[in-house]
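In this text, residue positions in the sequence shown follow the numbering used here: the first is 53, and each later residue adds one. Note that beta-carbon positions come from the ideal geometry of N, C-alpha and C, so glycine has one too. Given the structure is predicted, the values throughout are model-derived calculations rather than measurements. Contents: one structure, followed by commentary.
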Amino acid sequence: MKPKNSAGQPASILVVDDTPANLQVLAGMLKERGYKVRPVLSGNQALLAARRDPPDLILLDINMPEMNGYDVCGHLKADEKLKGIPIIFISALTEPLDKVKAFAIGGVDYLTKPFQMEELHARVETHLKLRRLQIELEEYSRHLELARERLNLDLELARGVQRGFLPLQLPEVRGYEFFAYYESAYEVGGDYYDFILLPRQRVAVLLGDVAGKGVAAALLMAKLSADARYCMLTEPEPAAAFTRLNCLMNQSGIADRFVTLVAAILDPGNHTVTLVSAGHPPPLIYHRATRTVAEAISNDVAGLPLGVLDGFEYASCQVALEPGDSILAFTDGVTEAMDVQDLQLQTKGLYAAMQGETYSPRALGEQVVKVVKQFADGRSQHDDIALVGFGRT
Numbered sequence: 053m054k055p056k057n058s059a060g061q062p063a064s065i066l067v068v069d070d071t072p073a074n075l076q077v078l079a080g081m082l083k084e085r086g087y088k089v090r091p092v093l094s095g096n097q098a099l100l101a102a103r104r105d106p107p108d109l110i111l112l113d114i115n116m117p118e119m120n121g122y123d124v125c126g127h128l129k130a131d132e133k134l135k136g137i138p139i140i141f142i143s144a145l146t147e148p149l150d151k152v153k154a155f156a157i158g159g160v161d162y163l164t165k166p167f168q169m170e171e172l173h174a175r176v177e178t179h180l181k182l183r184r185l186q187i188e189l190e191e192y193s194r195h196l197e198l199a200r201e202r203l204n205l206d207l208e209l210a211r212g213v214q215r216g217f218l219p220l221q222l223p224e225v226r227g228y229e230f231f232a233y234y235e236s237a238y239e240v241g242g243d244y245y246d247f248i249l250l251p252r253q254r255v256a257v258l259l260g261d262v263a264g265k266g267v268a269a270a271l272l273m274a275k276l277s278a279d280a281r282y283c284m285l286t287e288p289e290p291a292a293a294f295t296r297l298n299c300l301m302n303q304s305g306i307a308d309r310f311v312t313l314v315a316a317i318l319d320p321g322n323h324t325v326t327l328v329s330a331g332h333p334p335p336l337i338y339h340r341a342t343r344t345v346a347e348a349i350s351n352d353v354a355g356l357p358l359g360v361l362d363g364f365e366y367a368s369c370q371v372a373l374e375p376g377d378s379i380l381a382f383t384d385g386v387t388e389a390m391d392v393q394d395l396q397l398q399t400k401g402l403y404a405a406m407q408g409e410t411y412s413p414r415a416l417g418e419q420v421v422k423v424v425k426q427f428a429d430g431r432s433q434h435d436d437i438a439l440v441g442f443g444r445t
């Protein structure tokens with residue numbers, strides 16, 4: 053079987069030696085093994101031949117007039133198109149420093165004259181295989197790089213599409229101020245929020261968290277945003293809207309995914325907020341008069357995450373907002389933010405960040421984001437982060 057190169061053709065070997073007799077012997081030995089042999093008598097001829105038609109391997113003598121083997125090797129390694137060709141030095145020089153210099157300038161092997169025919173063939177075959185593997189690896193790497201670039205373009209497009217599902221602007225309600233913040237851990241994520249204008253001048257503020265991260269979570273988030281808006285607009289009561297949304301989730305066939313969701317329906321006419329939770333972290337209520345923070349929803353009202361149990365009935369509760377009070381909802385990426393020691397911020401970290409100072413609704417949200425960033429400084433973000441809030445001004 054003839055030795056092949058990466059293109060499936062007989063391997064091409066450029067043999068460089070200023071002694072015709074040596075060239076004849078080497079060329080004959082290699083042709084017998086099926087190689088395509090190109091013998092040349094000088095360094096200059098070797099460079100011209102290599103540039104005209106790059107070989108798969110070069111056998112290079114060292115002691116030659118005008119340009120020795122070291123110089124030839126240096127020129128080849130300086131050429132971007134030729135630097136990867138393996139060069140085996142063949143020389144009568146036996147001093148260790150000669151071999152060191154040969155390897156230092158870019159040679160892959162060194163044969164001392166006189167040499168055994170089988171030794172020559174073994175080394176040539178080994179370096180041709182290594183060269184073939186190197187070329188295949190470089191080609192594979194190029195394919196991977198192109199695939200990575202295409203994936204990045206697709207993810208960037210998906211990021212833009214997903215951002216399009218989020219509100220473009222905050223609601224404007226007289227006497228109230230709103231806040232929203234979103235940052236995914238990856239190009240796309242599973243956190244979601246929305247502001248839905250309801251009859252009787254009410255505003256529904258929704259915040260959800262799809263189990264998992266990345267593209268799969270983002271796709272489910274897109275479905276959730278459409279279904280949640282439909283249910284909130286067609287059901288008169290928020291709890292009934294959640295019950296219906298849960299049925300849609302279970303009927304969708306997505307058995308291995310669930311969603312936590314919380315809704316806060318603001319009625320600015322009587323300054324009340326109706327809250328419904330589907331397994332989501334409890335929203336916090338900030339009382340500006342006392343500069344204190346508490347959970348806005350009790351455990352007995354909090355229901356199961358959406359998609360866990362078909363037919364589950366959700367309940368709601370109501371809180372009143374005094375002047376300066378605010379509601380802040382967040383995903384678990386906030387409380388589970390980790391510092392460099394792998395410690396989590398937790399809810400108590402939010403309490404510490406919010407209590408004891410006077411904040412407007414927007415300033416309250418900005419304060420929480422600031423605390424999360426400072427706490428996780430030095431760590432890469434491992435989960436999506438989303439906050440929404442509003443309050444009386």
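*Put residue 290 into one of helix, strand or coil per three-state DSSP.*
Here residue 290 refers to the residue found at position 238 when the sequence shown is read from its first residue. Residue 290: helix per DSSP, three-state reduction.
*Would you please state the rounded distance, in angstroms, between the beta carbons of residue 376 and residue 444? I believe it to be under 8 Å.*
One-based indexing of the sequence shown puts residue 376 at position 324. One-based indexing of the sequence shown puts residue 444 at position 392. By a beta-carbon distance limit of 8 Å, residue 376 contacts residue 444. Their separation comes to about 6 Å.
*Contacts around residue 227, its chain only, beta-carbon distance under 7 Å, and the 5 residues preceding and following it disregarded*: One-based indexing of the sequence shown puts residue 227 at position 175. These residues qualify, in order along the chain: 320, 444, 445.
*Looking at C-beta atoms only, is the number of pairs between the region 98-115 and the region 61-71 that lie closer than 8 Å three or more?*
A contact exists between the region 98-115 and the region 61-71.
*Pick from 361, 103, 350: whose alpha carbon is nearest that of residue 299?*
On the sequence shown, residue 299 is found 247 positions in, with the first residue counted as 1. Closest option to residue 299, Cα to Cα, is 361.
*Looking at residue 179 and residue 161, is the spacing between their C-beta atoms short of 8 Å?*
For this step, residue 161 is matched to residue 109 along the sequence shown. For this step, residue 179 is matched to residue 127 along the sequence shown. Result yes, Cβ atoms of residue 161 and residue 179 sit closer than 8 Å.
*At which residue ranges does the region 102-136 contain complete beta strand (DSSP E) runs of 3 or more residues, listed in the order of the chain?*
Here the runs fully enclosed are 109-113.
*Please classify residue 441: does DSSP put it in a helix, a strand, or coil?*
Start at 1 with the first residue of the sequence shown, and residue 441 comes out as number 389. Three-state DSSP puts residue 441 in a strand.
_Quick check on residue 328: buried or exposed, where buried means 16 or more other Cβ atoms within 10 Å of its Cβ?_
Against the sequence shown, residue 328 aligns to sequence position 276. Per the 10 Å Cβ criterion, buried.
*What residues are listed by DSSP as bridge partners for residue 67?*
Along the sequence shown, read from residue 1 onward, the residue named residue 67 stands at position 15. Answer by DSSP bridge pairing, in chain order: 91, 111.
_Counting C-beta neighbours from all protein chains within 10 Å, is the total for residue 229 16 or more, i.e. buried, or is it exposed?_
Here residue 229 is taken as the residue at index 177 of the sequence shown, counted from 1. Residue 229 comes out buried.
*Grab the span of the alpha helix (DSSP H) containing residue 161 for me, first residue to last.*
To locate residue 161, count along the sequence shown from 1; it is residue 109. Annotation for residue 161: no alpha helix (DSSP H) segment contains it, though the beta strand (DSSP E) segment containing it runs 161-164.
*Tell me which same chain residues have a C-beta within less than 6 Å of the C-beta of residue 331, skipping the five on either side of it?*
On the sequence shown, residue 331 is found 279 positions in, with the first residue counted as 1. Result list for residue 331: 312, 356, 357, in chain order.
*Return the residue from the list 417, 390, 440, 405 that minimises the CA-CA distance to residue 428.*
Residue numbering aside, residue 428 sits at position 376 when the sequence shown is read from its first letter. It is 390 whose Cα lies nearest to the Cα of residue 428.
*asked:* Spatial neighbours of residue 290 within its chain, please: C-beta separation below 6 Å, excluding the five flanking residues on both sides.
replied: Here residue 290 refers to the residue found at position 238 of the sequence shown. Excluding positions up to five away in sequence, the list reads 315, 317, 326, 328, 368.
*With distances taken from CA atoms, which of 402, 120, 370 is nearest residue 383?*
Indexing the sequence shown from 1 puts residue 383 at position 331. Minimum Cα distance to residue 383 is reached at 402.
*For residue 53, three-class secondary structure by DSSP*: Within the sequence shown, the letter at position 1 stands for residue 53. For residue 53, the predicted structure reports a pLDDT of 44, less than 50, and the residue's modelled location is therefore unreliable. A value from the coordinates is still provided. Reduced to three states, the DSSP call for residue 53 is coil.
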